[in-house]
Amino acid sequence: MMDSKDGSEQHRRRQRGPRKATPDYLEKAALFYLERYSAPAEHLRRLLLAKVARSARVYQTDAEAGAAAVDELIARLTQAGLLDDAAYAMARARSLARRGASARGIRGRLLHKGVAPDLIDQALTGLAETAGEPELAAALTFSRRRRLGPYRAAARAERRERDLAALSRQGFDLALARRVIDARDIEELEEEAGVTPR
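Have a look at this one:
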């Protein structure tokens with residue numbers, strides 16, 4: 000349970016409203032965010048522009064000047080190596096693939112973050128150059144996490160259509176989904192895909 004002191008502090012924070020989006024504040028906010036999270040340039044730009052817009056509404060600051068300050072800051076952070084969209088795309092693609100995301104799902108998530116399509120293509124190409132079959136490995140990983148198909152303890156035949164649909168919703172094509180869900184020897188398929196055995 001929150002004590003009254005913590006509650007009143009949170010209340011004051013909420014009442015205070017947004018900070019004035021000065022160039023100094025925007026830089027501090029960007030660096031604080033980058034200390035906690037990895038981000039592509041466009042995603043950070045959107046976050047900072049939202050701060051500029053709130054500041055313009057509350058303090059009537061110049062939104063165009065704020066946007067120009069954000070662009071200048073993004074350029075400086077990129078030049079300093081604190082923002083690297085190619086490295087972000089590759090690291091995020093690997094992380095998502097390890098968790099069972101399809102190439103289509105990875106592309107969608109990276110596009111949503113503002114990563115350029117050519118950098119997404121490079122990241123997906125990098126995944127494809129790894130040992131085994133990365134798309135098959137991702138489908139197997141997702142199936143294992145969700146206990147689909149060959150990872151299901153019981154009622155496998157009765158759940159087949161649902162399991163195929165679950166893989167399809169994740170962006171895996173139907174042929175691959177059938178290959179996984181209908182697998183008879185899952186260990187052999189995992190070995191082929193380069194998946195670490197359970």
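Here the sequence shown stands for residues 0 to 197, where the numbers follow numbering that gives the first Met the number 0.
Just so you know, even glycine gets a beta-carbon here, dropped at the ideal spot from N, CA and C.
Q) On the three-state DSSP scale, how would you describe residue 15? A) helix
Q) Can you name, in chain order, every residue of its own chain whose Cβ lies under 7 Å from the Cβ of residue 19, other than the five neighbours on each side? A) 54, 58 and 60
**Q.** Rounded straight-line distance, which links the Cα of residue 100 to that of residue 169
**A.** 7 Å
Q | Alpha carbon of residue 102 to alpha carbon of residue 29, nearest angstrom | A | 30 Å
Q. Whose C-alpha, out of 52, 15, 37 and 39, is nearest the C-alpha of residue 25?
A. It is 52.
Q | Contact check, residue 126 vs residue 96, beta carbons under 8 Å | A | With respect to the 8 Å criterion, residue 126 and residue 96 are classified as neighbours on the basis of their beta carbons.
Q. If residue 180 sits next to residue 159, beta carbons under 8 Å apart, how far is it from one beta carbon to the other, in whole angstroms?
A. 6 Å
Q.
If distances are taken between C-alpha atoms only, which option among 123, 195 and 76 comes closest to residue 39?
A. The shortest Cα separation from residue 39 among 123, 195 and 76 belongs to 76.
Q: Reducing DSSP to helix, strand and coil, say where residue 147 ends up.
A: Residue 147: coil per DSSP, three-state reduction.
Q: Please go through the same chain and pick out, in chain order, the residues whose beta-carbon is closer than 6 Å to the beta-carbon of residue 194, but skip the five residues on each side of it.
A: 136 and 139
Q. Any idea if residue 149 is buried or exposed, counting beta-carbon neighbours within 10 angstroms, 16 or more meaning buried?
A. buried
Q: Please confirm whether residue 113 and residue 56 have their CB atoms less than 8 Å apart.
A: Not in contact: residue 113 and residue 56 (Cβ atoms no closer than 8 Å).
Q) Just to confirm, are residue 88 and residue 110 a CB contact at a threshold of 8 Å? A) no
Q) Going straight from the alpha carbon of residue 184 to that of residue 178, what length do you get? A) 11 Å
**Q.** Close beta carbons around residue 48, own chain, < 8 Å, minus the five adjacent residues each side
**A.** 65, 66 and 69
(Q) Tell me which residue opens and which closes the alpha helix (DSSP H) that residue 25 is part of. (A) Element bounds for residue 25: 22–35.
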